[in-house]
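Down below is the structure, laid out as structure tokens.
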Amino acid sequence: MLIQHVDRNRHLFIGRVVHSLSLKELEILPVSALAVENGIISFLDPSCKTLLEARSKHPSFASSPFTVLSPTQFLFPGLIDTHLHAPQYPNLALGMEGTLRQWVRDYTDPMEASYSDTSKAKRVYSQLVQKELEIGTTTVAYNTTIHTDSSNILADMCLKYGQRAVIGKMCIVGPATHGNFEESIEKSLEDEENTLDHIAKIDPDTKLIYPCIQPRGGPWAPPDLMEGLGKLSSGGERKIHVQAHMCETPDDIERMLKVHTEFKTYGEMYKAHGLMHEKSILAHCIWLTETDMQILKETKAGVAHNPNSNTCLRDGVCRVRELLNRGIKVGLGTDCSAGYSTFMLDAMRQASNVSRHLAMRTGDDKNTLQFNEIVFLGTLGSAQVLDLDSKVGNFEQGKEFDALLVDVGGRDCINIDGFEEDDLALVKKWVFMGDDRSIRRVWVAGKEVAGKDFVPTEADNE
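According to UniProt numbering, the residues represented by the sequence shown are 1 to 462, in order.
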């Protein structure tokens, strides 16, 4: 790799570029010129095979800093996680022996309740955000806790280290344990507004941090709370993101119906309270009814598919192919800590595996997700679920440069012998066999934020 210092204002890349154009189309350009100016992609030009050609055809970049990738390197879009419980990061790999309800009672509630300690929030969230960037996750939809101050700290950490994120304060008034609930509906709504205000204050132009409304789910948020949250999300000049759980298990649905007695399905309940729209992120969606699926399509709400936790908690299998065939937005989440990994490549691998198990169970091979589809789900598909696909998700002109520089050669080689000239094989081998050791550099909005060669500035360490 021939590289000059990456100037965020203007930079030119020459080399292999990999990204999704759609669910069915994975574009791999063996050699192309990609230009970035002020964090925005100026052009992606496959007709330019050399630095000289790119500078000649695009004279405005004739003297800009540049990077020429080696034959084993490629640019890949930043990975996008649609569902991660930030406070559960210390619980990774614990508690997966029980059911969802047992796991929430014995592991989730006590851990989340402990974030009344803001010093713990600073320590854990600082570690988490930096680690997520190191493993290539440039955007995360984070679930938090009932604590305003700790939720605000997570937003601060994302802004400090340069990660794009969707963040709100978790709202729980119903039957949680270990004190992991709020004293009243009024207090829950007041604290949610405080976090929304905090995010607006620290990132007024919404450059990186997107505020969201966050009811834990039907059993934990009674009708009046849902109604108040819906007004926060849909009642202003522009809609605010929603994060919530939906149809994770039959028990989850049954408990929701006991709290929200006037409805027959999860989708009807959320929609009636103004919580189903194009910025809504619904986690799991395993046990959907026909009505639920119709509402997801109609409202343009998105599904956060968490294949790792589908298996670990034995919740069931999300019918991804059916959702996609219906035109419902689907992206991938790691679901830390019901999933044992926060690495989005693991989510892509597990999405492939879960789809194969569904194909075996149903006898219908059409349920199997293809390689181009799992790459889409972890990048552009996830961007669509977060309603951020106009900004990120691939390398289209005008989008922000959220990107990874991946190197599958050298000491971090992942058995590419004999396939050095096979562009698709190199990408497949990294997705299914690689890890963060192959991630040399990470950018968010054109700013380098992590990577093996990354050296934080003084501002990053403040």
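In this text, a Cβ means the ideal position worked out from N, Cα and C, and glycines have one as well.
Item, Value
"Every unbroken beta strand (DSSP E) inside the stretch 200-251 [3 residues or more]", "209-215 and 241-246"
"When Val124, Glu421 and Leu282 are compared against Leu29, the one with the closest alpha-carbon", "Glu421"
"Rounded C-alpha distance that separates Glu396 from Leu44", "7 Å"
"Alpha-carbon to alpha-carbon, Lys399 and Val392", "6 Å"
"Tyr142: first and last residue of the uninterrupted alpha helix (DSSP H) it sits in", "Tyr142 -> not in any alpha helix (DSSP H); beta strand (DSSP E) instead, spanning Thr137 to Asn143."
"The ligand PLP heavy atom lying under 8 Å from the CB of Leu388", "Ligands displayed in this structure: none; no statement on the ligand PLP is therefore possible."
"Endpoints, the alpha helix (DSSP H) within which Leu94 is located", "Premise fails: Leu94 is in no alpha helix (DSSP H) and is neither H nor E."
"Closest Cα partner of Ser280 within the set Gln130, His83, Gly409 and Ile40", "His83"
"Rounded C-alpha distance that separates Asn152 from Ala425", "43 Å"
"Alpha carbon of Arg356 to alpha carbon of Pro307, nearest angstrom", "12 Å"
"Selection from Thr291, Ile240 and Glu248 that minimises the alpha carbon distance to Gly274", "Ile240"
"Local conformation of Gln163 per DSSP, three classes", "coil"
"Proximity test, Cβ basis, 9 Å: Leu404 and chain B", "The chain inventory of the structure shown lacks chain B, comprising one protein chain alone."
"Closest by C-alpha distance to Glu193, when choosing among Gly179, Asp205 and Gln214", "Gln214"
"Rounded C-alpha distance that separates Val408 from Met293", "40 Å"
"Three-pair Cβ contact test at 8 Å for the stretch 169-177 versus the stretch 210-228", "yes"
"Strand pairing of Asp45, partner residues [DSSP]", "Ala33"
"Cβ neighbours of Asn38 in the same chain (closer than 8 Å, five flanking residues each side left out)", "Arg8, Asn9, Arg10 and Gly446"
"Same chain, Cβ closer than 8 Å to Gly235, neighbours up to 5 away in sequence not counted", "Gly274"
"Thr148 versus Gln127: straight-line alpha-carbon distance, rounded", "19 Å"
"The stretch 239-259 / the stretch 200-208 touching (three or more Cβ pairs under 8 Å)", "no"
"Opposing strand residues paired with Leu84 [DSSP bridges]", "Tyr142"
"Closest Cα partner of Leu388 within the set Lys297, Phe181, Gly410 and Val140", "Val140"
"Cβ contact (3+ pairs, closer than 8 Å) linking the stretch 298-317 and the stretch 99-110", "yes"
"Cβ contact (3+ pairs, closer than 8 Å) linking the stretch 357-366 and the stretch 60-67", "no"
"Distance between beta carbons of Ser382 and Leu332, contact taken as under 8 Å", "6 Å"
"Endpoints, the alpha helix (DSSP H) within which Asp346 is located", "Met344 to Thr362"
"Residues that DSSP places opposite Cys285 in a beta bridge", "Per DSSP, none; premise fails for Cys285."
"Proximity of Gly378 and Val406 at Cβ, strictly below 9 Å", "no"
"Segments of 4+ residues assigned as alpha helix (DSSP H) that fall wholly inside the stretch 285-325", "290-299, 307-312 and 320-325"
"Environment of Leu52 [buried if 16+ CB atoms lie within 10 Å]", "exposed"
"Under 9 Å between C-beta atoms of Leu196 and Gln163", "no"
"Own chain residues within Cβ distance below 6 Å of Leu26, not counting five before or after", "Ser20, Asn372 and Val375"
"Status (buried if at least 16 other CB within 10 Å, exposed otherwise) for Gln73", "buried"
"Local Cβ density within 10 Å of Met403, reported as buried at 16 or more and exposed below that", "In the sequence under discussion, the amino acid at residue 403 is Ala, which differs from the Met named in the question. Buried, because 16 or more other Cβ atoms sit within 10 Å of the Cβ of Ala403."
"Cys91 vs Thr108 beta-carbon contact at 9 Å", "According to the sequence as given, residue 91 is Asn; it is not Cys. Yes; because the gap between Cβ atoms is below 9 Å, this pair is in contact."
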